[in-house]
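> Shown below is the structure under consideration.
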Amino acid sequence: MTDHATSSVTHPSAPSGSGHNAGAAYAGCPVSPEAVPLSGIAYQQSPAVVYQEMRRLHGPVAPVLLDGGIPAWLVLGYPELSYVTAHDDLFARDSRRWNQWENIPADWPLLPFVGYQPSVLFTEGAEHQRRSGVISAALEEVDQFELGVNCRRIADELIDGFVGSGEAELMSAYAHPVPMRAAVEMCGMAAGNTDTDDLVSDLRTSLDASEGEDPVAAYVRVQERIQRLVKDKRAQPGPDVASRMLTNSAGLTDDEVVQDLISVIAAAQQPTANWICNTLRLLLTDDRFALNVSGGRVSVGQALNEVLWMDTPTQNFIGRWAVRDTQLGGRRIKAGDCVVLGLAAANTDPQIWPQGDLGAEGNGAHLSFSNGEHRCPYPAPLLADVIARTAVETLLERLPDVVLAIEAEELVWRPSVWMRGLTSLPVEFTPSVQ
Ligand code: HEM
Numbered sequence: 089m090t091d092h093a094t095s096s097v098t099h100p101s102a103p104s105g106s107g108h109n110a111g112a113a114y115a116g117c118p119v120s121p122e123a124v125p126l127s128g129i130a131y132q133q134s135p136a137v138v139y140q141e142m143r144r145l146h147g148p149v150a151p152v153l154l155d156g157g158i159p160a161w162l163v164l165g166y167p168e169l170s171y172v173t174a175h176d177d178l179f180a181r182d183s184r185r186w187n188q189w190e191n192i193p194a195d196w197p198l199l200p201f202v203g204y205q206p207s208v209l210f211t212e213g214a215e216h217q218r219r220s221g222v223i224s225a226a227l228e229e230v231d232q233f234e235l236g237v238n239c240r241r242i243a244d245e246l247i248d249g250f251v252g253s254g255e256a257e258l259m260s261a262y263a264h265p266v267p268m269r270a271a272v273e274m275c276g277m278a279a280g281n282t283d284t285d286d287l288v289s290d291l292r293t294s295l296d297a298s299e300g301e302d303p304v305a306a307y308v309r310v311q312e313r314i315q316r317l318v319k320d321k322r323a324q325p326g327p328d329v330a331s332r333m334l335t336n337s338a339g340l341t342d343d344e345v346v347q348d349l350i351s352v353i354a355a356a357q358q359p360t361a362n363w364i365c366n367t368l369r370l371l372l373t374d375d376r377f378a379l380n381v382s383g384g385r386v387s388v389g390q391a392l393n394e395v396l397w398m399d400t401p402t403q404n405f406i407g408r409w410a411v412r413d414t415q416l417g418g419r420r421i422k423a424g425d426c427v428v429l430g431l432a433a434a435n436t437d438p439q440i441w442p443q444g445d446l447g448a449e450g451n452g453a454h455l456s457f458s459n460g461e462h463r464c465p466y467p468a469p470l471l472a473d474v475i476a477r478t479a480v481e482t483l484l485e486r487l488p489d490v491v492l493a494i495e496a497e498e499l500v501w502r503p504s505v506w507m508r509g510l511t512s513l514p515v516e517f518t519p520s521v522q
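Heads up: the sequence shown runs through residues 89 to 522, numbered per this note's numbering.
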């Protein structure tokens, strides 16, 4: 999951008190009793091994169990995933057609990701093209040079905050805030005021709450803040993404722009943060990437691309829902079945790397930004590349002798089946004055 989802979701049947019942979930469902739970510690530390085993046992489309034993299909094969994402007439995005809603409790942990929202994420056909077209048109006018300059300033400010101490935890102090600040500024919020800082913090809480934080309350504040932004930009448009979405001739309502702006900002944050983090981890732990200022800079592009193949931030994404009975990878898929996009598994499909040599240098044919109608919309991947590349290069330039503060084997991956990222990335370097 890109963690693109938010908490503003509806449960189509929302039966009060309908607790989970795995037996009921299987009833009438084609998913076999050998279905693999899509969770667990093996996933956390080495998902590639889990995918390999699933592929061996089940082929390119594996029966899996989501949280609470809810059945779904995980698409592991590159050709099969390309097919699913290219055929939105057959595998569509509106989750209200799911045949499992009666088994989903109201407090199901994945509800924020699959519960229908009236945003670009869940629209289909002409309506999706209208909404997605407005986003692409607004993003296309982002000046990539200016974005790079802004990211450099944001990165410098964050590094200034810890450069004197000789140590930092880069996930919270750097990898998360760089894309978040870049995204809210791109959408038209002034940099560096407490209002923007509060939004950045609330967005993080609503997407990835720590213990004791209330993601729903944080999301309500995010919504209120974006509603105010939309009202202000309606009154006085500026050279920013929010204003361009409002003035687009497609005539989106204010509510639609609020929904889609939140989708854009949330979509930009988690995957880009984990792309930065996973690239820094690769550079800091792999001997092939010599870490000095010149060596590091030369290999940053290569490391960013290798991460998209080997440790892609959105390792799995829910999803698509079958429009009618069909077949996929030798499986019978029933109308309303949930299909999870196994982006990481597809990228490492032995069918496309027959020699077992994942020599990904310069090859951009991975599925990390998905594919088809609902793929990460052009030019978002290019903007994400500017943000991630600037963040990584600036850090290497400012902290030329940065090293991990713990052994590489001690790094802990987040216990998420959806996002591939570390819980923390502690580093050390020679302290310096700003
Ligand atoms: C500036 C940064 C980014 C922006 C503004 C952005 C924006 C978006 C938006 C608006 C969507 C929804 C598309 C739709 O449903 O029609 C989306 C989907 C997606 N994005 Fe991004 N994104 C960004 C960065 C990334 C990164 C870094 C990755 C991973 C490497 C990524 C992977 C995806 C994936 C896998 C989807 C789901 C596509 C699907 O349903 O098939 N995005 N993104």
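Note that the Cβ used here is the ideal one computed from N, Cα and C, for glycine as well.
#1: Taking Trp501 as the reference, give the member of Ala180, Cys239, Ala150, Thr400 with the closest Cα.
#2: Does Ala102 come out as helix, strand or coil in the three-state DSSP assignment?
#3: Give the secondary structure of Trp506 by DSSP, where H, G and I count as helix, E and B as strand, and everything else as coil.
#4: Residue range of the beta strand (DSSP E) that Thr414 falls in?
#5: Should Gln315 and Val346 be called a contact, given that it needs their Cβ atoms to be closer than 8 Å?
#6: Can you determine whether any heavy atom of ligand 1 sits closer than 7 Å to the C-beta of Phe201, and answer yes or no?
#7: Kindly indicate which three-state DSSP category Ala410 falls into: helix, strand or coil?
#8: Quick one: any contact between the segment 388-397 and the segment 450-457, if contact means 3 or more CB pairs under 8 Å?
#9: Pull the bridge partners of Leu544 from the DSSP assignment, please.
#10: Report all residues from its chain with a CB closer than 7 Å to the CB of Ala115; omit the five preceding and five following residues, and keep chain order.
#11: Check this for me: beta carbons of Val222 and Leu340, under 8 Å apart or not?
#12: Between which two residues does the beta strand (DSSP E) containing Ala150 stretch?
#13: Buried or exposed: where does Asn404 fall if 16 or more other Cβ atoms within 10 Å of its Cβ makes it buried?
#14: Determine the closest residue to Glu344 out of Leu368, Arg219, Ser520, with distance taken between C-alpha atoms.
#15: Whose C-alpha, out of Met333, Ala338, Gly254, Glu498, is nearest the C-alpha of Val521?
#16: Is Val163 near ligand 1, judged by its Cβ being under 7 Å from some heavy atom?
#17: If you drop the 5 nearest sequence neighbours on each side, which residues of the same chain put their C-beta closer than 7 Å to that of Gly424?
#18: By Cβ distance below 8 Å, which residues in the same chain neighbour Ala278 in space, the five residues on each side in sequence not counted?
#19: Using C-beta distances below 6 Å, list every residue in its chain close to Arg412, excluding the 5 sequence neighbours before and after it, in chain order.
#20: I need the straight-line Cα distance from Val318 to Ser504, nearest angstrom please.
#21: Which residue marks the beginning of the beta strand (DSSP E) containing Ala160, and which one marks its end?
Looking at the coordinates:
#1: Closest by alpha carbon: Thr400.
#2: Reliability of the predicted coordinates at Ala102 is poor, the pLDDT of 36 falling under 50, and no value is obtained from them.
#3: Three-state result, Trp506: coil.
#4: Where Thr414 is concerned, the enclosing beta strand (DSSP E) stretches over 414-416.
#5: Between Gln315 and Val346, the C-beta spacing is below 8 Å.
#6: No - ligand 1 has no heavy atom lying nearer than 7 Å to the Cβ of Phe201.
#7: Strand, per DSSP.
#8: Flag = yes, the segment 388-397 and the segment 450-457 touch.
#9: Nothing can be reported for residue 544: it is not among the residues displayed for the chain, which extend from 89 to 522.
#10: With a pLDDT of only 35 at Ala115, under 50, the local geometry of the prediction cannot be trusted, and no value is derived from it.
#11: In terms of Cβ geometry, Val222 and Leu340 form a close pair [threshold 8 Å].
#12: Residues 149-154.
#13: By the 10 Å Cβ count, Asn404 comes out buried.
#14: Per the Cα distances, Arg219.
#15: For the options Met333, Ala338, Gly254, Glu498, the alpha carbon positioned closest to that of Val521 is the one of Gly254.
#16: False, no ligand heavy atom lies under 7 Å from that Cβ.
#17: Excluding residues within five positions, the ones whose Cβ falls inside 7 Å are Arg185, Trp186, Asn187, Trp409, Ala410.
#18: Excluding sequence neighbours, Ala278 sits near Thr284.
#19: Ala423.
#20: Straight-line Cα distance between these residues: approximately 33 Å.
#21: Residues 158-163.
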